[in-house]
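>
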Amino acid sequence: MNDAELLSSYRESLKIAWGYNDYSDWPIKLTSIMHLFAGDLAMTLVDDINHIFQRGGSQKIGELFVYPGRIFRLIDVIQFGLRINRTGLDIQRDVAVKLIKSAIGLKRSDLFSLNKSNLLIDYNLDRDILTHYIDENAINQFHAALFLYCESMFFRGHDAGKAIHGPYRSNNNSNVIVREFYNLCDNPLWSDDYKIPFNKITTICEYNNNVAIGIDLYDHLSYEGTIKGNLIGSCVVIDGIPIIDPKQIGQYTQNIIKKSNMIQNEINKWDWKKIARQYANIFWFRAYPIKKFLNVECNPSEEVFKKINNGSINDIRLKTLSPKEVALLIQLGV
Amino acid sequence: MSNTYKGIAVNSGSCSGRACVISENEDLDNIEICNDTILVVPQSNPQYSIHLFNSIGLVCENGAVMSHICIVAGELGIPCITQVKGITSAIKTGDRVFLNGESGEITIL
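Chains A and B supply the protein sequences, listed in that same order. Position in the first sequence counted from 1, then plus 166, gives you our numbering. Position in the second sequence counted from 1, then plus 1492, gives you our numbering.
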């Protein structure tokens, strides 16, 4: 595909992934505050991305982010910021193409997941680890709790904490989904009291073909049928150690729910400016693989926090957009 | 007047049980979830998701198919429908309801 075709396919995949929907967000409608920090983040990232491209090409950025969903979600953020800065369309397109090309090297399935699969090129499924079967209810609740924790901790920037890939097909036509949760405690966003004591959790689950599982380019899971009753093999690895006792997983689940609740209760006490400052921290953290590689500052500048403190919510963007307005926004993009 | 409301089917399966309707700004500490609770919420909010763990179904008045709470319901393997206009006003906590995750309908029994 040439650059124009890449951008066109990217636009099409956005329509499918977002389904022309726009709804209120927790803890605040992100688009109502993004103007206060996304412009600054985008400007620094465009420079960083160009710099890395000169040094290692598209492959290097792919290596830094590991999961293509993280890259696709970052494109959205950068485009939003560049539009706020009224940056020319040529620059917007250039950086989007660079990031899309970075994702190419990570995937062995359709780049934009139009076939509902997100297969990583370097992932080799070890079938031996799927010989265990953990109680289905325990594993489903464990996943739900981890999703909850990631959204509580990273808000809409939850790609900083989770990635999902698959379905990898097996010989007997089953589907294997890999859910990876990372940065769970090794992040500067919350104090230790609010965090679980594990940093990386991977679950590998094999489902029979009574349920069709899809994953889009943003790592959204979708099902035709239900996963209930269709799990045939599973494996949980926490910080490198396999865990097979469902009771232990149940205890971890309760702790993850407890910590998520603590975070949410804390956020409920915050005003919108504090939420916006935390959102800025989260967005810079999303980009930390780039910043860390370049050995540059990973946190928002004082200038960004000043903008938030002196700024105001964009009331127009508090409104929920109609499907027609969302479609227009996608067209206005790259 | 029809006692069936239609939205978009997200997770398949069906169930019948008692509705637990959460309104905006409700004190969530007082929510009681039983073993036949179908959660009815105004929108996606992780604070509502906590109550999903012991529920048997989910109905959202607003929210994308890919919204967080719908994905959590999918991970729990429980039926879920979304974008059911006016449902948090139409149903009261304690009403017996039937949720059809295939057709995207909820019926007050």
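We put the CB at the ideal spot given by N, CA and C, even for glycine.
Cβ of Ser-1581(B) less than 9 Å from any chain A Cβ?
Residue numbering aside, residue 1581(B) sits at position 89 when the second sequence is read from its first letter. At a cut-off of 9 Å, the C-beta of Ser-1581(B) has no neighbouring C-beta in chain A.
> Would you call the CB atoms of Leu-272(A) and Ile-287(A) closer than 9 Å?
The sequence position of residue 272(A) within the first sequence is 106, counting from 1. The sequence position of residue 287(A) within the first sequence is 121, counting from 1. In contact: Leu-272(A) and Ile-287(A) (Cβ atoms closer than 9 Å).
> Which residues bound the beta strand (DSSP E) around Ile-501(A)?
The question about residue 501(A) has no answer here: the residues shown for chain A are numbered 167 through 500.
> Start and end of the alpha helix (DSSP H) containing Pro-1538(B)?
What you label residue 1538(B) is simply residue 46 of the second sequence in a count that begins at 1. That run of the alpha helix (DSSP H) goes 1538 to 1541.
> Hey, could you find the ends of the alpha helix (DSSP H) Arg-443(A) is sitting in?
As a first step, residue 443(A) must be located in the first sequence, where it is residue number 277. Per DSSP, Arg-443(A) is one residue of the alpha helix (DSSP H) stretching across 438 to 452.
> Per DSSP, Ala-1501(B) is paired with what?
The residue given as residue 1501(B) occupies position 9 in the second sequence. The partner list for Ala-1501(B) (beta bridge, DSSP) reads Ile-1573(B).
> Taking the alpha-carbon of Ile-482(A) as reference, which of Ile-182(A), Ser-174(A), Ile-199(A) and Glu-178(A) has the nearest alpha-carbon?
One-based indexing of the first sequence puts residue 482(A) at position 316. Checked all of Ile-182(A), Ser-174(A), Ile-199(A) and Glu-178(A); the closest Cα to Ile-482(A) is Ile-199(A).
> Since Leu-280(A) and Gly-477(A) should fall inside the 8 Å C-beta cutoff, what is the C-beta to C-beta distance between them, to a whole number of angstroms?
Along the first sequence, one-based indexing puts residue 280(A) at 114. Along the first sequence, one-based indexing puts residue 477(A) at 311. About 38 Å separates the two Cβ atoms, so there is no contact after all.
> Taking its Cβ as the centre, do 16 or more other Cβ atoms sit within 10 Å of Asp-1521(B), making it buried, or is it exposed?
Working through the second sequence from its first residue, we reach residue 1521(B) at position 29. Classification for Asp-1521(B): exposed.
> Is the region 418 to 438 of chain A close to the region 355 to 363 of chain A, with three or more CB pairs under 8 Å?
yes
> Put Gly-1509(B) into one of helix, strand or coil per three-state DSSP.
Within the second sequence, the letter at position 17 stands for residue 1509(B). It is a strand residue.
> Given Glu-1516(B), which residues of its chain have a CB within under 7 Å of its CB, disregarding the five upstream and five downstream residues?
Taking the first residue of the second sequence as position 1, residue 1516(B) is located at position 24. Cβ within range, chain order: Pro-1534.
> With three or more C-beta pairs closer than 8 Å as the rule, is the region 248 to 260 of chain A touching the region 297 to 306 of chain A?
no
> State the DSSP-derived secondary structure class of Leu-277(A), mapped to helix, strand or coil.
Sequence index remark: in the first sequence, residue 277(A) carries index 111 (1-based). Three-state result, Leu-277(A): coil.
> Less than 9 Å between CB atoms is the rule here; does Ala-311(A) satisfy it with respect to chain B?
The residue labelled residue 311(A) in the question sits at position 145 within the first sequence. Taking Cβ atoms only, chain B reaches closer than 9 Å to Ala-311(A), which makes this a yes.
> For the alpha helix (DSSP H) containing Ile-1563(B), name the first residue and the last one.
The count along the second sequence starts at 1 and reaches residue 1563(B) at position 71. Element bounds for Ile-1563(B): 1560 to 1568.
> Beta-carbon separation of Ile-343(A) and Ile-381(A) under 9 Å?
Taking the first residue of the first sequence as position 1, residue 343(A) is located at position 177. Taking the first residue of the first sequence as position 1, residue 381(A) is located at position 215. Yes; because the gap between Cβ atoms is below 9 Å, this pair is in contact.
> Check the Cβ of Ile-215(A) against every Cβ in chain B and list those closer than 9 Å, keeping chain order.
Residue numbering aside, residue 215(A) sits at position 49 when the first sequence is read from its first letter. None at all; the shortest Cβ gap to chain B is about 27 Å.
> Would the beta-carbon of Ile-393(A) fall within 9 Å of that of Gly-1566(B)?
The count along the first sequence starts at 1 and reaches residue 393(A) at position 227. The count along the second sequence starts at 1 and reaches residue 1566(B) at position 74. The answer is yes: Cβ separation under 9 Å.
> Is Leu-1601(B) helix, strand or coil by DSSP?
As a first step, residue 1601(B) is located in the second sequence; it is residue number 109 there, counting from the start. Leu-1601(B): coil per DSSP, three-state reduction.
> Which of helix, strand or coil does DSSP assign to Gly-332(A)?
What you label residue 332(A) is simply residue 166 of the first sequence in a count that begins at 1. Strand at Gly-332(A).
> Output the boundary residues of the beta strand (DSSP E) element that contains Ser-1595(B).
Position 103 of the second sequence, counted from the first residue, corresponds to residue 1595(B). Taken as a continuous stretch (DSSP letters only), Ser-1595(B) belongs to no beta strand (DSSP E), as it is neither H nor E.
> To the nearest whole angstrom, what separates the beta carbons of Asn-1495(B) and Ile-1600(B), a pair I think is in contact under 8 Å?
As a first step, residue 1495(B) must be located in the second sequence, where it is residue number 3. As a first step, residue 1600(B) must be located in the second sequence, where it is residue number 108. That pair is a contact at about 4 Å.
> Assess, as a yes-or-no matter, whether the region 463 to 479 of chain A is touched by the region 1532 to 1548 of chain B under the definition of 3 or more beta carbon pairs within less than 8 Å.
The region 1532 to 1548 of chain B vs the region 463 to 479 of chain A: no contact.
> Taking Asn-1537(B) as the query, report the chain A residues whose CB atoms sit under 8 Å from its CB, ordered along the chain.
For the purposes of this step, residue 1537(B) is taken as residue 45 along the second sequence, with counting starting at 1. By Cβ distance, chain A contributes Trp-192.
> Got a sec: which bits of the region 1558 to 1578 of chain B sit with their beta carbon under 7 Å from any beta carbon on chain A, in order along the chain?
Met-1558, Ser-1559, His-1560, Ile-1563, Val-1564, Gly-1566, Glu-1567, Leu-1568 and Gly-1569
> Nearest chain A C-beta to Asn-1592(B) closer than 9 Å, yes or no?
In the second sequence, the residue the question calls residue 1592(B) occupies position 100. Taking Cβ atoms only, chain A never reaches closer than 9 Å to Asn-1592(B), which makes this a no.
> Report yes if the C-beta distance between Pro-234(A) and Leu-277(A) is below 9 Å; otherwise report no.
The count along the first sequence starts at 1 and reaches residue 234(A) at position 68. The count along the first sequence starts at 1 and reaches residue 277(A) at position 111. Taking 9 Å as the cut-off, the beta carbon of Pro-234(A) is found closer than this to the beta carbon of Leu-277(A).
> Could you pull out every residue in the same chain whose Cβ sits closer than 8 Å to the Cβ of Glu-171(A), ignoring the five residues on either side in sequence?
On the first sequence, position 5 is the one that residue 171(A) refers to. Taken in chain order, the list of residues that qualify is empty.
> Taking C-beta pairs closer than 8 Å, name the residues in chain B that Gly-391(A) reaches, listed in chain order.
By one-based count along the first sequence, residue 391(A) stands at place 225. Within 8 Å Cβ-Cβ: Ser-1504.
> Consult DSSP for Tyr-289(A) and reduce its assignment to one of helix, strand or coil.
Counting from 1 along the first sequence, the entry for residue 289(A) is found at position 123. The answer is coil: DSSP assigns Tyr-289(A) none of H, G, I, E or B.
> So which residues on chain B does Gln-307(A) lean against when the C-beta distance must stay under 8 Å?
As a working note, residue 307(A) is residue 141 in the first sequence. Ordered by position in chain B, the residues that pass the 8 Å Cβ test against Gln-307(A) are Phe-1545 and Leu-1568.
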